[in-house]
Structure formats: structure tokens, C-alpha cells
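Colleague: Residue numbers (the UniProt record's numbering): 1 to 358. My questions will all concern the structure given below.
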């Protein structure tokens, strides 16, 4: 008879104790202690669950996306915000700011396309995604938004080259018709820009990843504010100082939207924990600090070109940190089973309590 199990313990209890030891992944035996209840029966205690796995497998499959998608979140937002700035500059007669907005929009959407195709592995996969249009799928809708925005942003940006063309001949005709075509394309790109800036937030929230899924009411607002902040930052760096006044007001509005949405991320319960702890929490906090510093510097940078550039750089960096922080927070919540199991058990207990009351 083993020293671990008393000889006077019932055979059934000893057998269950033996089975429990076999079920442990580390081979350790956890004894079940018999306790005599008031009715003479036995009550067995078991070790508390540690949520390590589900029969040796992860409770939730982590996202397969690589950091290319985190970069895609940033460049897509930058392109969308820049298209809006370019259209606004066009309508208010700011040619320098219009040029910066259009070229930044083209650069951002080109980088987004590359990062998305690189994550997919083969360019043909992006083409295959365009073979289906499914309005209930954020990924399908986003693919079509990107496909529509890209050519429009490209036409608007290339139109800025018209003054470099000869004034006579076929190229002279192109010089005359390019600006109005570019204006139409720029306004059309701006019309699709809000969807491009926010659909990625809807895409993440449509997954089963706890920190993304539970953030569905606020994540699009965070991404919208981040997109406007990044685009304002590039404008403050590259646009003529005399045309940058609207960018300062836009940066303030972007900060208000992003801070409001970011505050809600932390208030969503247990799944909001990755936004405040660990590497993802540090990235999100850095993004907020940079956003606050960049916005404050932008508001007082009217007479200082150096301060304007520094504020713009801080705004761009804040957008990068926020996007990567949100992306990393989702990965953390998918790897740790507690973010999936604990809320499920809380909902189960709440439903039981409701049924009992009825």
C-alpha cells in the first residue's frame, strides 16, 4: 500500500485519485481529499483550474496576422487622413497643403497594399479577395474600399505633376485637363477616406480575440482619431507654415476623438487589461503621451518651424505606437486563456442567477 493513500480510504476514491494524477500534464498527482458531508456521503475537492489549455490545446487560436498588419493599420489610416486634408486644402485654396496631402495619401495606400499583400503571402490572394463582394464581411468590404481608394488617390497625386508638362502639343493638353481630373479624384478619394480609416477597427472587433472584440464600440473612433493625428503630423512637417493653421485645429480634434475612444478601451473590463499592462500597455501609453505632447506643441508652433516639425513627428509617432499597441493587446488576450474563460464563466453564472430568480 502506497504511503500517499491511506489504507482506510475507499477504493473508489483511490481510483479517482489515480485517474486525476494521470490527467495532469506534468505528471503530478493531485490528491482528492474525501470529506464526510452531513448526509454521510463523500465530497471530493479538485485543484482549481488554471486555464492553461483545453485538452492540451489553446482555448483560443491566436491571430495568424504578422506585424505587417500592424503596419497596415497605420499606413491605411495615414492615407485616409491625408486624403481628407488634401481635399480640404483643395476647397480652401491651399495648394502647398493640397500637394502634401495628396502625395502622402498615395504613399500611404501604396505601403498599405504592399504590407497587405506581403502578409497574404502571394499577390494573387489579394486579387482573389476581389472576386467576392460580401457586405457582411469587414475584410471583403475593406478590400474593396482599398481597391477604390488607391486609384483615386493615385490620379489626384499624379495630377500635381501637370505644371511640369510642356504647354503645347499632346502633353500640353494633358497639362490642361489633369488639374480638374485630379480635383474630382481627390474629392472622390476623400469621400471613401472615412471608411478606410475606420473599417480596420471594425475588422478587428469582428474577430473572437477578447481585447478586440469587446472594444467594438470604441475601436473605430480610436483609429479615426489616430488617422487624423498622423496625417496632421505629416502636414505640419512638410506643408508651408502659412498654410498649416487648419492642421493645428485638426490635431486638437483628433486628440479629443482618440482620447475619448482610448478611455473606453480601459473601461471594458478584464479584456481591457492588455491596454494598460505589459508591452502592449506601454505602447498604448506611449501613444497617448506623444499625442498629448504633439498636440500641445502644435497649438503653440505658429511662429516656430522647428517646433512645428517636432510636433508633427510626435503626432506621427503617436499613431504608430497606438496601432502597434492595439495590435499587440489583441495578441496578448488571445494567448492568455483567462481573457476568454473568466468572462464566459461570469456570463454563465449571471444567466444561472437570472434563471433562478425567474
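Just so you know, even glycine gets a beta-carbon here, dropped at the ideal spot from N, CA and C.
(1) Run the CB neighbour count on residue 336, radius 10 Å, all protein chains shown included, and call it buried at 16 or more, exposed below.
(2) In this structure, does DSSP put residue 151 in helix, strand or coil?
(3) If we ignore side chains and look at the alpha-carbon of each, how far apart do residue 195 and residue 356 end up?
(4) Tell me the residue span of the alpha helix (DSSP H) that contains residue 267.
(5) Identify which residue in 185, 204, 119 has its Cα closest to the Cα of residue 137.
(6) Distance check for residue 70 and residue 324, CA to CA, integer angstroms please.
(7) Between residue 238 and residue 100, how many whole angstroms is the CB-CB distance? I'm expecting something under 8 Å.
(8) Rounded to whole angstroms, what is the Cα-Cα separation between residue 207 and residue 213?
(9) Taking Cβ positions, are residue 113 and residue 129 nearer each other than 8 Å?
(10) So, is residue 353 buried or exposed, given that buried needs 16 or more other C-beta atoms within 10 angstroms?
(11) Can at least three beta-carbon pairs, one atom from the region 248–260 and one from the region 285–295, be found at a separation below 8 Å?
(12) Take residue 301 as the anchor and find which of 199, 349, 243 has the nearest alpha-carbon.
(13) Please check the pair residue 185 and residue 318, which I expect to be a contact at CB under 8 Å, by giving their CB distance rounded to whole angstroms.
(14) Kindly list the residues whose CB is nearer than 8 Å to the CB of residue 90, restricted to its own chain and excluding five residues on each side of it in sequence; keep chain order.
(15) Using 8 Å for Cβ pairs, my map puts residue 63 next to residue 334. What's the rounded Cβ distance?
(16) Taking C-beta to C-beta, are residue 216 and residue 271 nearer than 8 Å?
Modeller: In this structure, then:
(1) Position 336 of the chain shown, counted from the first residue, corresponds to residue 336. Looking at its Cβ environment, which holds 16 or more other Cβ atoms inside 10 Å, residue 336 is buried.
(2) In the chain shown, counting from the first residue as 1, residue 151 sits at position 151. Shown here, residue 151 sits in a helix according to DSSP, grouped into three states.
(3) Your numbering for residue 195 matches position 195 in the chain shown. Your numbering for residue 356 matches position 356 in the chain shown. Their backbone Cα atoms lie some 45 Å apart in a straight line.
(4) Locating residue 267 in the chain shown gives position 267, where the first residue counts as 1. Going by DSSP, residue 267 is part of no alpha helix (DSSP H) at all; its letter is neither H nor E.
(5) As a position in the chain shown, residue 137 is number 137, starting the count at 1. When only C-alpha atoms are compared, the closest one is 204.
(6) Sequence index remark: in the chain shown, residue 324 carries index 324 (1-based). Sequence index remark: in the chain shown, residue 70 carries index 70 (1-based). Straight-line measurement puts the Cα of residue 70 at about 5 Å from the Cα of residue 324.
(7) Along the chain shown, read from residue 1 onward, the residue named residue 238 stands at position 238. Along the chain shown, read from residue 1 onward, the residue named residue 100 stands at position 100. Residue 100 and residue 238 do touch by the CB rule: their CB atoms are close to 5 Å apart, below 8 Å.
(8) In the chain shown, residue 207 corresponds to position 207, counting from 1. In the chain shown, residue 213 corresponds to position 213, counting from 1. So the two alpha carbons sit approximately 6 Å from each other.
(9) Locating residue 113 in the chain shown gives position 113, counting from the first residue. Locating residue 129 in the chain shown gives position 129, counting from the first residue. Residue 113 places its beta carbon 8 Å or farther from that of residue 129.
(10) Stepping through the chain shown from its first residue, residue 353 is reached at position 353. Exposed: under 16 other Cβ atoms inside 10 Å.
(11) With a cut-off of 8 Å, the region 285–295 and the region 248–260 count as touching, because enough Cβ pairs lie within range.
(12) Position 301 of the chain shown, counted from the first residue, corresponds to residue 301. Here the closest residue by C-alpha is 243.
(13) Stepping through the chain shown from its first residue, residue 185 is reached at position 185. Stepping through the chain shown from its first residue, residue 318 is reached at position 318. 30 Å between Cβ atoms; not a contact.
(14) Along the chain shown, read from residue 1 onward, the residue named residue 90 stands at position 90. Short of 8 Å from the beta carbon of residue 90, and not among the five residues preceding or following it, lie these beta carbons of its own chain, in chain order: 98, 183, 186, 187.
(15) For the purposes of this step, residue 63 is taken as the residue at position 63 of the chain shown. For the purposes of this step, residue 334 is taken as the residue at position 334 of the chain shown. At roughly 6 Å, the Cβ-Cβ gap stays under 8 Å, so residue 63 and residue 334 are in contact.
(16) Translated into positions along the chain shown, residue 216 becomes position 216. Translated into positions along the chain shown, residue 271 becomes position 271. Going by C-beta atoms, residue 216 is not nearer than 8 Å to residue 271.
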